[in-house]
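Residue numbers (the numbering used here), protein chains in the order written: chain Z, 10 to 270; chain R, 10 to 270.
2 protein chains.
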Amino acid sequence: MTNEIERFPVLRVTEEGISDIEEMTAREFPLTITLDNQELVTLLCSPTNLKYLAIGFLFSEGLLKSKEEIKKIIADEGKGVVWVETKEDKGVDRELVFKRFITSGCGRGASFYSAADAQSQAKIESQIKISPEEVFALVKEFQHRSQVYKATHGVHSAALCDTKSILFFSDDIGRHNAIDKIFGECILNDIPTEERIIITSGRISSEMLLKVAKRSIPIIISIAAPTNLGVRLAADLGITLIGSVRGRKMNVYSNDWRIRG
Amino acid sequence: MTNEIERFPVLRVTEEGISDIEEMTAREFPLTITLDNQELVTLLCSPTNLKYLAIGFLFSEGLLKSKEEIKKIIADEGKGVVWVETKEDKGVDRELVFKRFITSGCGRGASFYSAADAQSQAKIESQIKISPEEVFALVKEFQHRSQVYKATHGVHSAALCDTKSILFFSDDIGRHNAIDKIFGECILNDIPTEERIIITSGRISSEMLLKVAKRSIPIIISIAAPTNLGVRLAADLGITLIGSVRGRKMNVYSNDWRIRG
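So, in structure tokens, the structure goes:
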């Protein structure tokens, strides 16, 4: 965790008075991702699991489709670069890549892009079900899990679960990055996501929903609220969207037939 | 507000049982910004104040420097486009623009970019001061202000203030957009920001800090926590960064000489 935080002297002001304390903040780390010698993007992220983040990002953006395409991955934390080489040089059209990235990101996205992606996205057919008790138990575990959040209140978290427990957990200053890190890990280690559940601390926008749909995940749970396009896409793509989970209350926005009992 | 929300039927699950209710969600709206006939970017935003958002964005990204450069602004909400024309066709280098945008956005930014911008950013010398009482009063007003947040829990808010009251208020599904809308309004209406205060509901990252520094704002207040680069830049650029304001508690991360009493 030491790598992910930085301490600062802070003036703490409360009703009891003013004191000099030390506070921990989440570190921002610039990571440049290079695909077949083409510099694609620089993400601001938390400095962990850089390889997973790069691979998750490339899959989420549709620039890689299968693990078999990957020839080599080199991560250099000192330089803040991950180089990914594919077997056949992708020779990605620079303009096209830019076009995609511009329309991507948190609150900086586009549903032109989303709409196109959504149309090519197969409907998710998984018959998995989950009970409210299971949702509440998973979310409780999720909310107590992040040491970095407890220290800094400056990161988002994401988790891949089955109905009983958290399988993979990640945090990052970006809510998209936190999920991409989990997906990158699953892709590189051949871990299936089809019958699994994603939990996120962040709001569920159209981009978030599409990212999860690409990994064929049938249930997405958020502590926060969804946007209207998040709900519409979840409904259309056969995904059960559970939002605004607080204590023992939750909203099911779409495909509620997956709620058991 | 009706324009900014969409209602959905929702299955509400609590300890008391299951009920069919209706919930409001924040609308995502794709806005394309065109500068001198060049399509620059599509932002996902809340569908209000599109002109202000476009202008705030272009200034935040450094593509416009003064209001006098602007010849014409046409906003077409139906098409989701704002066209901005300048007196001298900017002929912005497409590659350069892309390079900037790629490294921008929420949790998708870069401190290469930030570092370059920070170096060219003049230190803020304003001698304005604020008392803890004034901070607590402003934040209290701020937190009760957003009708859309109360309805949806799906938007960020931003406000421009003096030490006594909120002057301009904005919400948007993106924390960057909420601030850009305020800055756009100030720029188009010749409202100075130099001796003013920004409040945001979002975390303060390096990009957020730089956006505020560009408008020469001496004090930034956040309900949420800053990142390490947010704190470092605020310290370097002479900005007083107040974060984690909850009830009657706050942290002053930098330039605490502006705290009175």
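Ideal Cβ placement from N, Cα and C applies to all residues, glycine included.
Model, not experiment: these values are computed from the prediction.
Measure the Cβ-Cβ separation of residue i and residue j and say whether it is below 8 Å.
i: residue 20 of chain Z; j: residue 261 of chain R; result: yes
i: residue 166 of chain Z; j: residue 177 of chain Z; result: no
i: residue 234 of chain R; j: residue 209 of chain Z; result: no
i: residue 196 of chain Z; j: residue 172 of chain Z; result: no
i: residue 15 of chain Z; j: residue 264 of chain R; result: no
i: residue 44 of chain R; j: residue 72 of chain R; result: yes
i: residue 69 of chain R; j: residue 181 of chain R; result: no
i: residue 269 of chain R; j: residue 249 of chain R; result: no
i: residue 31 of chain R; j: residue 18 of chain R; result: yes
i: residue 246 of chain Z; j: residue 133 of chain Z; result: yes
i: residue 199 of chain Z; j: residue 62 of chain Z; result: no
i: residue 203 of chain R; j: residue 174 of chain R; result: no
i: residue 240 of chain R; j: residue 11 of chain Z; result: no
i: residue 64 of chain R; j: residue 193 of chain R; result: yes
i: residue 141 of chain R; j: residue 22 of chain Z; result: yes
i: residue 8 of chain Z; j: residue 219 of chain Z; result: Any question about residue 8 of chain Z goes unanswered here, given that chain Z covers just 10 to 270.
i: residue 59 of chain Z; j: residue 40 of chain Z; result: yes
i: residue 213 of chain Z; j: residue 183 of chain Z; result: no
i: residue 137 of chain Z; j: residue 169 of chain Z; result: no
i: residue 164 of chain R; j: residue 155 of chain R; result: yes
i: residue 24 of chain Z; j: residue 257 of chain R; result: yes
i: residue 80 of chain Z; j: residue 99 of chain Z; result: no
i: residue 135 of chain Z; j: residue 201 of chain Z; result: no
i: residue 13 of chain R; j: residue 221 of chain R; result: no
Provide the residue span of the alpha helix (DSSP H) that contains residue i, from first to last.
i: residue 237 of chain R; result: 237 to 246
Going by DSSP, what residue range makes up the beta strand (DSSP E) through residue i?
i: residue 260 of chain R; result: 258 to 263
i: residue 92 of chain R; result: 90 to 95
i: residue 255 of chain R; result: 249 to 255
i: residue 228 of chain R; result: 228 to 231
How about residue i: is its Cβ closer than 7 Å to a heavy atom in the ligand MG?
i: residue 258 of chain Z; result: Among the components of this structure there are no ligands whatsoever, and the ligand MG is therefore not found.
(request) Determine which residues of the region 240 to 260 of chain Z have a Cβ less than 8 Å from any Cβ of chain R, and write them out in chain order. (result) Along the region 240 to 260 of chain Z, going in chain order, the ones with a CB nearer than 8 Å to a CB of chain R are 240, 253, 257, 258, 259 and 260.
(request) Please determine if the region 226 to 233 of chain R and the region 147 to 159 of chain R are in contact, where contact requires at least 3 C-beta pairs separated by less than 8 Å. (result) yes
(request) Would you list, in sequence order, the uninterrupted alpha helix (DSSP H) runs of no fewer than 4 residues that lie entirely inside the region 195 to 226 of chain R? (result) 215 to 223
(request) Name, going along the chain, the residues of the region 21 to 46 of chain R whose beta-carbon falls closer than 7 Å to a beta-carbon of chain Z. (result) 21, 22, 23, 24, 32, 34, 35, 36, 37 and 39
(request) Report the residue ranges of all beta strand (DSSP E) runs contained in full by the region 11 to 84 of chain Z; include only those spanning at least 3 residues, in chain order. (result) 14 to 23, 26 to 35, 38 to 44 and 47 to 54
(request) Identify every run of the alpha helix (DSSP H) within the region 126 to 191 of chain R, keeping only runs that are complete inside it and at least 4 residues long; order them along the chain. (result) 141 to 152 and 156 to 161
(request) With 8 Å as the limit, tell me which residues of the region 201 to 223 of chain R have their beta carbon closer than that to any beta carbon of chain Z; keep them in chain order. (result) 212, 214, 215 and 216
(request) Name, going along the chain, the residues of the region 135 to 162 of chain R whose beta-carbon falls closer than 7 Å to a beta-carbon of chain Z. (result) So the list reads 141, 161 and 162, given in the order they occur along the chain.
(request) Check distances from the C-beta atoms of the region 226 to 237 of chain R to those of chain Z and list, in chain order, the residues that come in under 8 Å. (result) 233, 234, 235, 236 and 237
(message) If the cut-off is 9 Å on Cβ atoms, which residues from the region 49 to 62 of chain R count as contacting chain Z, listed in chain order?
(response) Taking a C-beta cut-off of 9 Å against chain Z, the contacting residues of the region 49 to 62 of chain R are 49, 50, 51, 52, 53 and 54, listed in chain order.
(message) Tell me which residues of the region 78 to 101 of chain R have at least one Cβ-Cβ distance to chain Z shorter than 8 Å, keeping chain order.
(response) none
(request) Check each residue of the region 174 to 192 of chain R: if its Cβ is closer than 8 Å to any Cβ of chain Z, include it; give the result in chain order. (result) 181, 182, 183, 184, 185 and 186
(request) With 7 Å as the C-beta to C-beta threshold (strictly closer), list the residues of the region 63 to 75 of chain Z near chain R in chain order. (result) none
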